[in-house]
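In UniProt numbering, the protein residues as written are 1 to 323.
Now the structure itself:
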């Protein structure tokens, strides 16, 4: 039944019921109207309006639920759907909205995958240029300074040694940036070793005390899953170092759920996230998590601070088609 006719027949029902009651009831209206008659008419009108409002609220309730979902839906939290209730145009509208959400989630996932893939390619290119060009130039400069130091007069050697140390520090910084942009250890030695190296880097270059708890029997993971876990751990530690004011942070990775699933947790003892809106960093982590079917949760730890949890379920094998 169309929405117009639903509203029309609801109002017709209320009006007809009120008319029948007036016809069969003992009520009359005098001229001038009496107080009791005015009270009866007022009560009847009030009852009719209340019944009409209740019926309309019942009939339009699915639309109110749809409006609330439209105002709060977030494509980074997929799976939000509304039960198809009501009939006619309302049910059709809800079903169309649910199907539209599904298409938007699929399209966003595809576009996000392309963007992140391009981002990783750009990271590799920049890391390669830093290592091959700037790194080699600084290495050559360091060798030249070392040669000149041995040939220079005594009064200039101290200044040349300072220049050597400055160049050596710059070379180390370039190498560190290149490692952050392209984690070669992840490709060469695997996720556990890459996370251990990441923790060591943060301990060496920040005041944070980082504890790691990496389960020795992690399941075999795809290269894309390992990269997502590494990047989210990296972004979480960076957020802790920049914003939390924490003294210590714990990073753990262990099997979870069905065989093949893993759970990554980064928890600090800082000031917590409070009611601050999610920034680009957290939303970027959510986008990465969606690429591997993971669920990212950011909340407060049991003793304060912030806890980032990423659960990546086991991947279902794709059934093979008929030969």
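Built from N, CA and C at the ideal position, the CB exists for glycine as well.
Asked, Found
"Ordered list of alpha helix (DSSP H) runs contained in the region 253-297, each at least 4 residues", "280-291"
"Local Cβ density within 10 Å of residue 273, reported as buried at 16 or more and exposed below that", "buried"
"Assumed close pair residue 284, residue 240 - CB separation to whole angstroms, cut-off 8 Å", "Rounded, the Cβ-Cβ distance is 16 Å, inconsistent with contact."
"Residue 251 - partner residues in DSSP beta bridges", "212 and 266"
"Distance CB(residue 235)-CB(residue 281) smaller than 8 Å", "yes"
"Contact check, residue 257 vs residue 220, beta carbons under 8 Å", "no"
"Bridge partners - residue 312, DSSP secondary structure assignment", "262"
"Classification of residue 232 by the beta-carbon crowding that lies within 10 angstroms, buried from 16 upward", "buried"
"Local Cβ density within 10 Å of residue 296, reported as buried at 16 or more and exposed below that", "buried"
"For residue 150, the three-state DSSP class (helix, strand or coil)", "helix"
"Span of the alpha helix (DSSP H) around residue 80", "First-last for residue 80: undefined, no H or E at that position."
"C-alpha distance - residue 227 paired with residue 186, whole-angstrom precision", "8 Å"
"Cβ contact check for the region 43-58 and the region 12-22: 3 or more pairs under 8 Å", "yes"
"Extent of the continuous alpha helix (DSSP H) to which residue 238 belongs", "223-239"
"As assigned by DSSP and simplified to three states, the class of residue 95", "helix"
"Residues near residue 261 by beta carbon distance below 8 Å, same chain, minus five either side", "219, 255, 311, 312, 313 and 314"
"Residue 185: first and last residue of the uninterrupted alpha helix (DSSP H) it sits in", "184-189"
"Beta-carbon proximity of residue 20 to residue 62, cut-off 8 Å", "no"
"CB-CB length for residue 116 against residue 195, believed under 8 Å", "So it is not a contact: roughly 19 Å between Cβ atoms."
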